[in-house]
Structure formats: C-alpha cells, structure tokens
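**Student:** A single structure is presented below for examination.
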Amino acid sequence: MRSGKANFGITGVDWQQRINWDRLRKYRVERARERMKAAGLGALLL
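Its first residue numbered 812, the sequence shown is counted upward by one per residue in our numbering.
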C-alpha cells in the first residue's frame, strides 16, 4: 500500500530534512577540538 509520500532511500538530500549536515559537521569539529585540548594537542593531521 502506498502512502503518497516520496521516499527515495537513505541518501542525504537538500530538499528533505533528513540529516542536518551542517549541525553534524559542527558537532564533530567541536568534539575533536575538545579531545585535542584534553590530550594537549595543538594540531591534528587527518
């Protein structure tokens, strides 16, 4: 049975609010900075 809503899988798209990529990136950067500070690191190469 179809519900009438389009669902094109789990990919990140900009026309539907699925994953807030900007918020996720900021969260990961902040978490990395906190861990670097706790470890006494001034830089990190990825």
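By construction, the Cβ of each residue, glycine as well, lies at the ideal position given by its N, Cα and C atoms.
Can you tell me the Cα-Cα spacing of Arg839 and Leu852, whole angstroms?
**Tutor:** Rounded to the nearest angstrom, the two C-alpha atoms are 17 Å apart.
**Student:** In the DSSP assignment, find the unbroken alpha helix (DSSP H) run with Leu835 in it and report its ends.
**Tutor:** Trp832 to Ala850 is the span of the alpha helix (DSSP H), which, as asked, contains Leu835.
**Student:** Measure the Cβ-Cβ separation of Glu843 and Leu835 and say whether it is below 8 Å.
**Tutor:** In the sequence as displayed, the identity of residue 843 is Ala instead of Glu. No, Cβ-Cβ distance for Ala843 and Leu835 is not below 8 Å.
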